[in-house]
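A.B. asks: Note that the sequence shown covers residues 1175 to 1365 in the working numbering. Note that beta-carbon positions come from the ideal geometry of N, C-alpha and C, so glycine has one too.
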Amino acid sequence: MLGQLFYILFTSLLYTLINYIITVICFFPYMQFTSDWGKVIRTLAMNPSSASQKGIHLTVIINNGIVTTFSAIEATLISLGLFFLVTLFIGIVIFSLNLIIGKMSGIITAGILVFISYFSIFVGRITRGLKVYYFSPLSWSSLQYIDWYNSGDSPSLQYAVIFLLGTSIILSIISAISFSKKDINIAEGVE
């Protein structure tokens, strides 16, 4: 059981690193190695309509607040940390609930969390305001949905990290206790 939890930890880290490496490989021809954001990203952050004026249709919105608040390296490291914690959280939620409650409960809960994430980003913000992000832990993998100015409207970095780590640790402990109380069926070999 402990091995499975370490497996989730390791694969979460591996998934985070592979995701980052693939992103770097895709953008490698367009990259410059500096600690700054670069002219294109800074321009798009300051004036999002500049791309459409040139006939370019972006599928990503570059948040001006993030570009002005963080260096590119800081934003990358914080993003990688949050992405890892969210990946670890969802893996432990699936594992723990499948172990404690039943076979499909973890997957169903993960599906609900994904739905809440999409709802909060696309509809919830409009209908419920920024506070909806408190109930959307999967959204916290993006710097855009973290409150960097301590306004209390959305989760702070501390809130996100404590919640994700705390919930992962608590579910891991509950899983270990639950696993130790389960009967193990040992089948004898057939001759």
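For residue 1284, which residues of its own chain have a beta-carbon under 7 Å away from its beta-carbon, when the five flanking residues on both sides are left out?
C.D. replies: Within the same chain, residue 1284 has close Cβ partners 1264, 1267 and 1268.
A.B. asks: Residue 1216 to residue 1179, Cα distance in whole Å?
C.D. replies: Answer to the nearest angstrom: the Cα atoms are 41 Å apart.
A.B. asks: Which residue spans inside the stretch 1308-1357 form an unbroken alpha helix (DSSP H) run of at least 4?
C.D. replies: You should have 1331-1355.
A.B. asks: Residue 1325 and residue 1310 - do their beta-carbons sit closer together than 8 Å?
C.D. replies: Cβ atoms of residue 1310 and residue 1325: not closer than 8 Å.
A.B. asks: What are the boundary residues of the alpha helix (DSSP H) that includes residue 1287?
C.D. replies: Run containing residue 1287: 1279-1293, per the alpha helix (DSSP H) assignment.
A.B. asks: Would you report the Cα separation of residue 1205 and residue 1306, rounded to the nearest angstrom?
C.D. replies: Distance between the alpha carbons of residue 1205 and residue 1306 is about 35 Å.
A.B. asks: When we look at the beta-carbon of residue 1270 and count the other beta-carbons within 10 Å, is it buried (16 or more) or exposed?
C.D. replies: Flag for residue 1270 reads buried.
A.B. asks: Report yes if the CB atom of residue 1273 is closer than 8 Å to the CB atom of residue 1353, and no otherwise.
C.D. replies: Cβ distance < 8 Å, so residue 1273 and residue 1353 count as in contact.
A.B. asks: Do residue 1241 and residue 1219 have their CB atoms nearer than 8 Å?
C.D. replies: In contact: residue 1241 and residue 1219 (Cβ atoms closer than 8 Å).
A.B. asks: I'd like the ranges of any alpha helix (DSSP H) spanning at least 4 consecutive residues and lying wholly in the stretch 1234-1284.
C.D. replies: Qualifying alpha helix (DSSP H) stretches, in chain order: 1238-1243 and 1246-1274.
A.B. asks: Beta-carbon separation of residue 1328 and residue 1304 under 8 Å?
C.D. replies: Yes. Within cutoff.
A.B. asks: Since residue 1256 and residue 1339 are thought to touch, with beta carbons under 8 Å apart, how far apart are those beta carbons, to the nearest angstrom?
C.D. replies: Contact flag wrong, Cβ pair sits at about 11 Å.
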